[in-house]
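Heads up: take any position in the sequence shown, counting from 1, add 38, and you land on the working numbering.
Glycine residues also receive a C-beta, built at the ideal position from the N, C-alpha and C atoms.
Working notes, beginning with the structure itself.
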Amino acid sequence: MARKFFVGGNWKCNGTAEEVKKIVNTLNEAQVPSQDVVEVVVSPPYVFLPLVKSTLRSDFFVAAQNCWVKKGGAYTGEVSAEMLVNLDIPWVILGHSERRAILNESNEFVGDKVAYALAQGLKVIACVGETLEEREAGSTMDVVAAQTKAIADRVSNWSNVVIAYEPVWAIGTGKVASPAQAQEVHDELRKWLAKNVSADVAATTRIIYGGSVNGGNCKELGGQADVDGFLVGGASLKPEFIDIIKAAEVKKSA
Ligand code: PEP
39 MARKFFVGGN WKCNGTAEEV KKIVNTLNEA QVPSQDVVEV VVSPPYVFLP
89 LVKSTLRSDF FVAAQNCWVK KGGAYTGEVS AEMLVNLDIP WVILGHSERR
139 AILNESNEFV GDKVAYALAQ GLKVIACVGE TLEEREAGST MDVVAAQTKA
189 IADRVSNWSN VVIAYEPVWA IGTGKVASPA QAQEVHDELR KWLAKNVSAD
239 VAATTRIIYG GSVNGGNCKE LGGQADVDGF LVGGASLKPE FIDIIKAAEV
289 KKSA
């Protein structure tokens, strides 16, 4: 079964209401491949979710950038999975490296969040990836496998999970992984899923790449056999995000 190309835009903690309206207008006017070729999801900060959801074209979807690990309640400052469901927000990004590093989210905590969000009916973009030190120490696959295992230990149905392989050294640095580096980890990750989850999950789960993807490098990266799309940070705030969405065509003609 072909895996549908997936392009996510992570807007992080950026934007004013005016800027958000401008980005939405640019997206709404864009000519992009149809929904059967590419799935597009944009992730504004929480406060702009209702604005984006109500103004964005209907063939693009929205994601939150995080949600709480269990049912809401006395957790000041948090937003629960139930609230996202209540607002009809279909997707959530979990385990982003900025949250792992800055907010000390452990593999287990991320795994718990993924399981809880899925159980509430959300679809999850689950992020994994190694630091530069870990790569240089030769432990890339150990790190990525441990992060994925913490999810696999808690999740049995993978149909609503997209894995984002995001090497930390490539995020926001302009230092994109080479197509060969990305393909190598995606291939290893798929083999890990085949061995530790199932052949079917390995064959059908989308593994997308994130880390300094832009309009110039997206086609070659997207052409790799096991790269099923992208999670885009900085460039998702710019018109070149449209070019990145169009990179889905490389798979169509492959
Ligand atoms: C991200 O934050 O998920 C990301 C990939 O950022 P950037 O594209 O800016 O490297």
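Residue pairing for Tyr203: DSSP places it in a beta bridge opposite Val166, Tyr247. Taking 8 angstroms as the cut-off, the C-beta of Ala101 does not count as close to any heavy atom of the ligand PEP. In the DSSP assignment, Ser81 falls within the unbroken beta strand (DSSP E) covering 76-81. In summary, Ala188 is buried, with 16 or more beta-carbon neighbours lying within 10 Å of its beta-carbon over all protein chains present. Look at Gly210: its beta carbon is less than 8 angstroms from one of the heavy atoms in the ligand PEP.
Per DSSP, the continuous beta strand (DSSP E) segment holding Ile131 begins and ends at 129-132.
Taking Asp191 as the centre and dropping the five residues before and after it, the same chain places the C-beta of Gly149 closer than 8 angstroms to its C-beta, in chain order. Taking C-beta atoms as the reference points, Ala202 and Leu269 count as a pair closer than 9 angstroms. Closest in C-alpha terms to Leu89, from the list Leu125, Glu116, Ala112, Gly110, comes Leu125.
Set against 8 angstroms, the gap from the CB of His224 to the closest heavy atom of the ligand PEP is not smaller.
For the segment 93-126, the continuous alpha helix (DSSP H) assignments of 4+ residues that do not extend past its boundaries occur at 119-124, in sequence order. Within the segment 235-290, the complete beta strand (DSSP E) runs of at least 3 residues fall at 244-248, 267-270.
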